[in-house]
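So the sequences go chain by chain: F and X. Under full-length UniProt numbering, the letters of the first sequence match residues 1 to 394, in that order. Under full-length UniProt numbering, the letters of the second sequence match residues 1 to 394, in that order. Heads up: the structure comes next, in structure tokens.
Protein chains: 2
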Amino acid sequence: MNYSFSNRIAALQPSIIREILKASSGQNVIPFSAGNPAPETFPIEAIRTFTQSILEQDPVTALQYGITEGYAPLRDTLTTHLKTGFDTGKASDELFIVSGAQQGIELACKVFCNEGDTIICESPSFIGSLNSFRASGANLVGVPMETDGMDIGKLEHALQTEQNVKLIYVIPSFQNPTGFTTSLEKRKAIYDLAKKYGVMILEDNPYGELRFSGEDVATIKSMDDEGLVIYVGSFSKILSAGLRVGYVLAPSEVVQKMVVAKQGEDVHTAMLPQILAHKFMTEYNYAEHISSIRAIYRRKSALMIDKLQEHMGESITFTQPDGGLFLWCDLPAHIPMLDYAKTAAAEGVAVVPGTAFLVDENEPCNAIRLNFSTPSDEQIVKGIEILGQVLHKF
Amino acid sequence: MNYSFSNRIAALQPSIIREILKASSGQNVIPFSAGNPAPETFPIEAIRTFTQSILEQDPVTALQYGITEGYAPLRDTLTTHLKTGFDTGKASDELFIVSGAQQGIELACKVFCNEGDTIICESPSFIGSLNSFRASGANLVGVPMETDGMDIGKLEHALQTEQNVKLIYVIPSFQNPTGFTTSLEKRKAIYDLAKKYGVMILEDNPYGELRFSGEDVATIKSMDDEGLVIYVGSFSKILSAGLRVGYVLAPSEVVQKMVVAKQGEDVHTAMLPQILAHKFMTEYNYAEHISSIRAIYRRKSALMIDKLQEHMGESITFTQPDGGLFLWCDLPAHIPMLDYAKTAAAEGVAVVPGTAFLVDENEPCNAIRLNFSTPSDEQIVKGIEILGQVLHKF
Numbered sequence: 001m002n003y004s005f006s007n008r009i010a011a012l013q014p015s016i017i018r019e020i021l022k023a024s025s026g027q028n029v030i031p032f033s034a035g036n037p038a039p040e041t042f043p044i045e046a047i048r049t050f051t052q053s054i055l056e057q058d059p060v061t062a063l064q065y066g067i068t069e070g071y072a073p074l075r076d077t078l079t080t081h082l083k084t085g086f087d088t089g090k091a092s093d094e095l096f097i098v099s100g101a102q103q104g105i106e107l108a109c110k111v112f113c114n115e116g117d118t119i120i121c122e123s124p125s126f127i128g129s130l131n132s133f134r135a136s137g138a139n140l141v142g143v144p145m146e147t148d149g150m151d152i153g154k155l156e157h158a159l160q161t162e163q164n165v166k167l168i169y170v171i172p173s174f175q176n177p178t179g180f181t182t183s184l185e186k187r188k189a190i191y192d193l194a195k196k197y198g199v200m201i202l203e204d205n206p207y208g209e210l211r212f213s214g215e216d217v218a219t220i221k222s223m224d225d226e227g228l229v230i231y232v233g234s235f236s237k238i239l240s241a242g243l244r245v246g247y248v249l250a251p252s253e254v255v256q257k258m259v260v261a262k263q264g265e266d267v268h269t270a271m272l273p274q275i276l277a278h279k280f281m282t283e284y285n286y287a288e289h290i291s292s293i294r295a296i297y298r299r300k301s302a303l304m305i306d307k308l309q310e311h312m313g314e315s316i317t318f319t320q321p322d323g324g325l326f327l328w329c330d331l332p333a334h335i336p337m338l339d340y341a342k343t344a345a346a347e348g349v350a351v352v353p354g355t356a357f358l359v360d361e362n363e364p365c366n367a368i369r370l371n372f373s374t375p376s377d378e379q380i381v382k383g384i385e386i387l388g389q390v391l392h393k394f
Numbered sequence: 001m002n003y004s005f006s007n008r009i010a011a012l013q014p015s016i017i018r019e020i021l022k023a024s025s026g027q028n029v030i031p032f033s034a035g036n037p038a039p040e041t042f043p044i045e046a047i048r049t050f051t052q053s054i055l056e057q058d059p060v061t062a063l064q065y066g067i068t069e070g071y072a073p074l075r076d077t078l079t080t081h082l083k084t085g086f087d088t089g090k091a092s093d094e095l096f097i098v099s100g101a102q103q104g105i106e107l108a109c110k111v112f113c114n115e116g117d118t119i120i121c122e123s124p125s126f127i128g129s130l131n132s133f134r135a136s137g138a139n140l141v142g143v144p145m146e147t148d149g150m151d152i153g154k155l156e157h158a159l160q161t162e163q164n165v166k167l168i169y170v171i172p173s174f175q176n177p178t179g180f181t182t183s184l185e186k187r188k189a190i191y192d193l194a195k196k197y198g199v200m201i202l203e204d205n206p207y208g209e210l211r212f213s214g215e216d217v218a219t220i221k222s223m224d225d226e227g228l229v230i231y232v233g234s235f236s237k238i239l240s241a242g243l244r245v246g247y248v249l250a251p252s253e254v255v256q257k258m259v260v261a262k263q264g265e266d267v268h269t270a271m272l273p274q275i276l277a278h279k280f281m282t283e284y285n286y287a288e289h290i291s292s293i294r295a296i297y298r299r300k301s302a303l304m305i306d307k308l309q310e311h312m313g314e315s316i317t318f319t320q321p322d323g324g325l326f327l328w329c330d331l332p333a334h335i336p337m338l339d340y341a342k343t344a345a346a347e348g349v350a351v352v353p354g355t356a357f358l359v360d361e362n363e364p365c366n367a368i369r370l371n372f373s374t375p376s377d378e379q380i381v382k383g384i385e386i387l388g389q390v391l392h393k394f
């Protein structure tokens with residue numbers, strides 16, 4: 001059979017970057033290329049206890065069909081958590097549960113974008129979201145990231161010149177892949193431009209609570225008097241990634257459409273993980289747990305930075321993030337980045353070529369992304385040493 | 001903000017039927033309108049034991065990110081199960097895990113259909129699938145169901161006259177909503193027509209193992225020498241609906257595209273439910289469990305049929321299904337079906353108007369769908385008595 005795939009799916013091309021990642025996915029490779037939370041951040045003992053108690057006390061709710069909007073007690077708890085902790089959420093907003101933040105991002109696109117409509121993205125940005133938008137047939141326009149967020153002048157230029165712009169997609173805190181945090185001024189500017197041009201903002205905040213230095217910056221959603229912001233959060237980095245529980249806070253009218261679209265995708269998010277997330281938020285020492293995760297990432301980030309300075313300090317520049325899971329390293333101009341990544345993989349260290357995160361992979365970019373949450377401390381020490389050796393070979 | 005939703009989402013209209021269902025969703029209503037598996041079919045004790053053992057033995061695999069294709073041991077077990085139990089699956093096929101069968105159905109549409117492309121459906125058919133196709137912007141064409149499957153002449157006529165037909169969507173065994181099973185002859189005819197016109201078949205088989213009388217009929221996928229069939233299965237009716245685990249068996253080339261599309265939707269299906277499904281298939285007495293579910297539904301179906309005959313036998317006609325969860329009841333021509341359903345709801349019995357399942361809800365249909373898996377035996381006895389009283393009022 002000669003398959004005739006839909007245009008949006010047929011257009012997705014396997015990229016050279018994915019080939020590099022495949023080549024470096026072996027068991028003995030040091031995984032600076034991943035984005036997994038550190039396994040020691042999973043509250044395993046509590047998950048055991050909570051799961052047992054759920055399956056003793058009310059197994060049928062955990063195992064039967066649920067409603068698409070999600071487990072009501074979890075929705076209520078999250079609504080309160082966002083309001084009291086981050087002043088985020090108005091009376092006109094509603095919160096519903098999704099199967100990981102990725103689904104919230106995909107649904108926002110589905111609900112607002114016809115094929116060919118434009119989404120303005122930070123460039124570089126999270127590859128999972130970019131690929132999801134591409135699979136939906138959206139047209140992506142990148143706005144360069146600066147250390148304090150998108151280039152606002154270029155954002156306004158894009159809003160003025162691009163056709164059918166429906167969403168501005170941003171990861172304001174400890175961005176993936178750069179680790180940059182968008183300043184309060186730029187958050188306000190982005191919101192004001194969205195209002196001026198009548199475009200929705202998709203605020204993706206999976207790392208928001210993982211700040212290990214500096215002060216919290218207000219969410220864009222907290223400024224949302226006009227109902228312009230779809231806010232997406234996740235349990236993946238604070239409880240468990242494999243449970244696939246995230247949430248969306250957005251104007252009720254938008255949530256109603258997203259819920260109908262979700263129903264057609266997976267009916268509802270698995271119940272046992274939802275009830276588990278609820279117990280985690282209400283019966284566990286949530287604040288202390290978050291604080292312990294922050295301490296782990298503070299240590300790992302500092303260790304990686306320390307080793308980078310030791311082995312490559314004079315040659316490269318890199319972010320010193322205030323939270324999240326990633327560092328963004330600019331290689332010297334004379335080093336061919338893709339060759340560097342390939343050689344590093346051959347030497348047993350996987351990194352992600354920065355071009356993977358660009359809206360247009362063919363644009364120039366001489367950076368690599370390093371993840372410090374997945375590797376062990378020993379792997380960080382050894383891996384950065386190897387990256388230094390590879391650098392000096394070039 | 002005046003939201004401008006995408007065309008496919010904006011076109012979704014709340015239907016009169018959903019309003020009836022909402023009105024009849026109260027706590028004290030007898031739920032003949034549902035499609036939930038009977039809670040007594042959940043192997044709760046085994047789920048407790050397996051979950052505990054998973055979280056003791058390998059918690060990190062259950063809680064960490066997994067690959068999009070799914071948990072490898074579960075994929076292998078299901079591949080073997082389909083091959084040995086149902087002669088279903090060729091060397092050129094591949095199996096991957098989805099977040100419930102609904103996701104497999106949605107992904108098939110996403111991968112093959114551009115907006116406006118046509119999907120030929122049985123009419124009536126499963127409302128969840130129809131709404132998912134609608135939310136993707138597909139054009140639906142219904143082919144009337146007969147007691148032994150689609151009207152084959154009308155199917156061929158549709159294949160000849162409709163533009164851009166990409167999928168034929170069928171539920172061959174104990175169809176939702178009719179309970180009809182497509183005969184072997186018609187399965188062959190549907191396959192031959194798909195081959196002749198170069199169209200893919202989407203075979204949805206959530207109830208396949210729930211046969212409580214008669215002999216198994218070969219799956220359409222078992223005839224698939226040309227790689228035309230996407231087969232979708234589910235754990236919802238044999239293990240737990242709330243865990244959201246299903247699977248897709250399709251030609252590898254198709255699976256690769258569906259996996260990319262799935263990645264953009266939810267990255268992967270929740271790991272703990274996948275590992276649980278694997279343990280259920282390999283460490284539990286699967287055959288005995290299926291046999292016990294069949295016995296429960298055999299009894300419930302017989303009870304409902306018995307009561308229908310007692311209270312309304314002379315007035316209505318209904319299916320006597322060989323499996324699944326549903327009966328389809330044709331009301332006498334003089335009874336206005338929607339009024340009947342509304343009155344029944346007011347009297348405390350929820351049924352689904354048959355029009356809900358039509359490709360075009362405005363077509364004539366004087367049937368209702370009755371579910372016998374959700375209500376208790378007592379509710380079946382009382383509910384059918386009330387439905388009889390309501391009928392005699394008209």
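Glycine residues also receive a C-beta, built at the ideal position from the N, C-alpha and C atoms.
In the DSSP output, which residue or residues are listed as bridge partners for residue i?
i: residue 121 of chain F; result: F/142 and F/169
i: residue 93 of chain F; result: F/251
i: residue 149 of chain F; result: F/146
i: residue 203 of chain X; result: X/170 and X/231
i: residue 246 of chain F; result: F/98 and F/234
i: residue 30 of chain F; result: F/349
If you run the structure through DSSP and keep just helix, strand and coil, what is residue i?
i: residue 234 of chain F; result: strand
i: residue 259 of chain X; result: helix
i: residue 131 of chain F; result: helix
i: residue 209 of chain F; result: coil
i: residue 316 of chain X; result: coil
i: residue 280 of chain X; result: helix
i: residue 65 of chain F; result: coil
i: residue 398 of chain F; result: This structure cannot speak to residue 398 of chain F, because chain F is shown only from 1 to 394.
i: residue 48 of chain X; result: helix
i: residue 43 of chain F; result: coil
i: residue 370 of chain F; result: strand
i: residue 335 of chain X; result: coil
i: residue 273 of chain X; result: helix
i: residue 71 of chain X; result: coil
i: residue 163 of chain X; result: coil
What residue from the options has the CA that sits closest to residue i's CA?
i: residue 267 of chain X; options: F/268, F/390, F/227 and F/128; result: F/128
i: residue 195 of chain X; options: X/329, X/213, X/165 and X/334; result: X/165
i: residue 169 of chain X; options: X/133, X/185 and X/40; result: X/133
i: residue 97 of chain F; options: F/123, F/119 and F/277; result: F/277
i: residue 172 of chain X; options: X/152, X/146 and X/204; result: X/204
i: residue 37 of chain F; options: F/333, F/30, F/373 and F/151; result: F/373
i: residue 139 of chain X; options: X/223, X/112 and X/30; result: X/112
i: residue 391 of chain X; options: X/352, X/344 and X/359; result: X/344
i: residue 192 of chain F; options: F/211, F/176 and F/152; result: F/152
When burial is assigned at 16 or more other CB atoms within 10 Å of the CB, is residue i buried or exposed?
i: residue 219 of chain F; result: buried
i: residue 299 of chain F; result: exposed
i: residue 235 of chain F; result: buried
i: residue 395 of chain X; result: Residue coverage of chain X in this structure runs from 1 to 394, which leaves residue 395 of chain X outside it and unanswerable.
Should residue i be listed as close to the ligand NAD, given that the test is whether its C-beta is under 8 Å from any heavy atom?
i: residue 323 of chain F; result: Here there are no bound small molecules, and the ligand NAD is not part of this structure.
Between residue i and chain B, is the shortest Cβ-Cβ distance under 9 Å, so that the two count as touching?
i: residue 93 of chain F; result: Within the model displayed, chain B is absent; protein chains F and X are what it includes.
Discussion item. Counting only Cβ-Cβ distances shorter than 7 Å, please list the residues of the segment 47-58 of chain X near chain F, keeping chain order.
Written reply: Within the segment 47-58 of chain X, those residues whose Cβ lies closer than 7 Å to any Cβ of chain F are, in chain order, 47, 48, 51, 52 and 55.
Practice prompt. Report the residues of the segment 262-286 of chain F with a CB closer than 8 Å to any CB of chain X, ordered along the chain.
Written response: Taking a C-beta cut-off of 8 Å against chain X, the contacting residues of the segment 262-286 of chain F are 263, 264, 265, 266, 267, 268, 269, 270, 271, 272 and 273, listed in chain order.
Practice prompt. Taking a Cβ distance cut-off of 9 Å, strictly less, list which residues of the segment 33-44 of chain X are near chain F, in chain order.
Written response: Those residues of the segment 33-44 of chain X that come within reach of chain F (Cβ to Cβ, closer than 9 Å) are 34, 35, 36, 37, 39, 42 and 44.
Worksheet item: Going along the chain, which residues of the segment 123-136 of chain F sit with their C-beta nearer than 9 Å to a C-beta in chain X?
Response: From the segment 123-136 of chain F, only 128, 129, 131, 132, 133, 134, 135 and 136 have a Cβ closer than 9 Å to chain X.
Worksheet item: In the segment 164-191 of chain F, which residues sit with their C-beta less than 9 Å from some C-beta in chain X, listed in chain order?
Response: Along the segment 164-191 of chain F, going in chain order, the ones with a CB nearer than 9 Å to a CB of chain X are 166.
Worksheet entry | Residues of the segment 340-351 of chain F whose Cβ lies closer than 8 Å to any Cβ of chain X, in chain order | So the list is empty, because no residue satisfies the distance condition.
Discussion item. So if I threshold CB-CB distances at 9 Å, which residues from the segment 221-245 of chain F count as touching chain X?
Written reply: So the list reads 226, 227, 228, 236, 239, 240, 241, 242, 243, 244 and 245, given in the order they occur along the chain.
Practice prompt. Using a Cβ-Cβ cut-off of less than 8 Å, list which residues of the segment 107-118 of chain F approach chain X; keep chain order.
Written response: Answer set for the segment 107-118 of chain F: 110, 111, 112, 113, 114, 115 and 117.
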